[in-house]
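Asks: One structure coming up, written as structure tokens, with questions to follow.
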Amino acid sequence: AQTVTQSQPEMSVQEAETVTLSCTYDTSESDYYLFWYKQPPSRQMILVIRQEAYKQQNATENRFSVNFQKAAKSFSLKISDSQLGDAAMYFCAYRSPNTGNQFYFGTGTSLTVIP
Amino acid sequence: KAGVTQTPRYLIKTRGQQVTLSCSPISGHRSVSWYQQTPGQGLQFLFEYFSETQRNKGNFPGRFSGRQFSNSRSEMNVSTLELGDSALYLCASSLTSGVAYEQYFGPGTRLTVT
Chain Y
30 AQTVTQSQPE MSVQEAETVT LSCTYDTSES DYYLFWYKQP PSRQMILVIR
80 QEAYKQQNAT ENRFSVNFQK AAKSFSLKIS DSQLGDAAMY FCAYRSPNTG
130 NQFYFGTGTS LTVIP
Chain V
-8 KAGVTQTPRY LIKTRGQQVT LSCSPISGHR SVSWYQQTPG QGLQFLFEYF
42 SETQRNKGNF PGRFSGRQFS NSRSEMNVST LELGDSALYL CASSLTSGVA
92 YEQYFGPGTR LTVT
């Protein structure tokens, strides 16, 4: 079964600084998608960024970017110029056609932004 | 366009009872997935429905069931509630069933079993 590991239960960053959240995954498939979701205290999960495994170029969305290392099965999220609104739980997730399109989530990283 | 809505938002039930949770997807979305979120187990997939048919099911006991109506609204039912069923239940909708399609999550239903 696919597993997603987030080894950092908690992280903190100073406002305006950069922070990187780590994620590793285990799969034998070649076609899959990776995601970072944000869950603020209000609990609504929001898609931050996604990466298709067949694309070598790392995805970016404004202040959010990923470092996708397919061979190492690593998928880290970098948040630049951190803002107070970035404080949330961040989940790394895996999804593939061979697994019925269900998400496999990591255990999450709680990010605190210090003013 | 309205987002995914879930009702009720909070629910308190007694062990042994049953409960039904509702999820209304974004208009036009035909796929609905359900997840259980607990501090200990994290987010776990329950099942996915597409066009009123269950497409995929996670590793949960038969006490957990669901269905989808012709308007794509979905319900999940948990019978004979156990204390361990206390969790945040999230549903997510997407335009269709396919890994390339983005899933949009609802705010969840917080179920407490006493």
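Line by line, the protein sequences are chains Y and V. For what it's worth, the working numbering labels the leading residue of the first sequence as 30, then goes sequentially. For what it's worth, the working numbering labels the leading residue of the second sequence as -8, then goes sequentially. C-beta atoms are modelled at their ideal positions from N, C-alpha and C, and glycine is treated no differently.
(1) List, in order along the chain, the chain Y residues whose C-beta lies closer than 9 Å to that of ASN47/V?
(2) From the DSSP output, read off the bridge partner residues of ARG79/Y.
(3) Taking the beta strand (DSSP E) that GLU39/Y falls in, what are its first and last residues?
(4) Just mark GLU44/Y as buried or exposed, buried being the case when its beta carbon has 16 or more other beta carbons within 10 Å.
(5) In angstroms with no decimal places, state the Cα-to-Cα distance between THR141/Y and GLU93/V.
(6) Who are the near neighbours of GLY7/V in its chain, counting only those whose CB is closer than 8 Å to its CB and skipping five residues on each side?
(7) Can you find the residues in the same chain that come closer than 8 Å, C-beta to C-beta, to ILE143/Y, ignoring five residues on each side of it along the sequence?
(8) Quick check on THR5/V: does DSSP put it in helix, strand or coil?
(9) Pick from THR29/V, GLY33/V, LEU12/V: whose alpha carbon is nearest that of LEU126/V?
(10) Just to confirm, are HIS20/V and SER77/V a CB contact at a threshold of 9 Å?
(11) What do you reckon, are the CB atoms on GLN80/Y and ALA117/Y nearer than 9 Å?
(12) So within the segment 46 to 94 of chain V, which uninterrupted beta strand (DSSP E) runs reach at least 3 residues, ignoring any that extend past its ends?
(13) Beta carbons nearer than 9 Å to chain Y: which residues of the segment 85 to 101 of chain V have them?
(14) What are the boundary residues of the beta strand (DSSP E) that includes GLY19/V?
(15) Report the three-state DSSP secondary structure of ASN96/Y (helix, strand or coil).
(16) By DSSP, does THR128/Y sit in helix, in strand, or in coil?
(17) Go ahead and pull the three-state DSSP assignment for ASP55/Y.
(18) Given a cut-off of 9 Å, decide if PHE60/V and ASN47/V are closer than it, judged by their beta-carbon atoms.
Replies: Per the coordinate set shown:
(1) THR128, GLY129, ASN130, GLN131
(2) PHE64/Y
(3) 39 to 43
(4) exposed
(5) 27 Å
(6) THR71, LEU72
(7) SER41, VAL42, GLN43, GLU44
(8) coil
(9) Outside the displayed range of chain V (-8 to 105) lies residue 126/V, so it cannot be described from this structure.
(10) no
(11) no
(12) 55 to 59, 65 to 69, 78 to 85
(13) SER85, SER88, GLY89, VAL90, ALA91, TYR92, GLU93, GLN94, TYR95, PHE96, GLY97, PRO98, GLY99, ARG101
(14) Counting along the chain, GLY19/V falls outside any beta strand (DSSP E), and DSSP gives it neither H nor E.
(15) strand
(16) helix
(17) strand
(18) no
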